[in-house]
Each structure stands twice: as C-alpha cells, then as structure tokens.
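Inspection log for the structure reproduced underneath, given as structure tokens.
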Amino acid sequence: MEIKKNEYFDGNVQSLGFVKDGITQLTAGLIKQGTYDFGKANPKETMKCTSGEMIINGIKCTPDTPAAVIEVGENIMLQAVKDSTYTCIYG
C-alpha cells in the first residue's frame, strides 16, 4: 500500500490517499471553509465529516450525522461551513 498526497483548490482542500494496486481506497483530509465543486463521482464515494460542519449536495454533515453517499455520476458540491476534516471511502 502507498500513501498519496492530494491538494485541490489552491491548497484549501488537502488529503492523504491510501492506494492499493494503483487504486485509491480511502482518503482522509481537511477542507478550509468555502464552497467546492468536485465534479462527478467515479467511483461511488462515502464521505464522513470527522470534525467541523459540511453540506454535501444539500445535506448537512457533522461528526454526529451519518456519512453522505455519492453515487457514480452524481455531482459532488461541498460547502465547508467551517474548517472541517473528513474521510472518504471509494467504491
């Protein structure tokens, strides 16, 4: 397994990805307050807010709420209401 660092939106979104056989399995990261359009999901993504507060495709996500599931082909529009951390499982 390898670790891959990802950085998006001028450094406002950063994550570490855990890659097995060339495929990202999971990322853990942080998002600075703001609104971000990640485009279409491929593969399916299951995102869990681990601190802070986010709105993912119109659904409020906090550490106390269930993970948001974004199906393949669905657009990912994310608003970090405040600086937040998350995990994302792919597939």
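In numbering that gives the first Met the number 0, the protein residues as written are 0 to 90. Ideal Cβ placement from N, Cα and C applies to all residues, glycine included. As the structure is a prediction and not an experimental result, all values here were calculated from the model.
Bounds of the beta strand (DSSP E) holding D82 are N74 to Y89.
The beta-carbon distance between P42 and V71, rounded to whole angstroms, is 6 Å. This is short enough to meet the 8 Å contact definition.
Contact between T49 and T86 holds, since their C-beta atoms are separated by about 6 Å, short of 8 Å.
By the neighbour-count criterion, in which 16 or more other beta carbons inside 10 Å mark a residue as buried, I69 falls on the buried side. When the Cα atoms are used, G16 and E44 turn out to be separated by approximately 13 Å. M46 counts as buried, since no fewer than 16 other beta carbons sit within 10 angstroms of its beta carbon. Bridge pairing for F17: I2 and L25 [DSSP].
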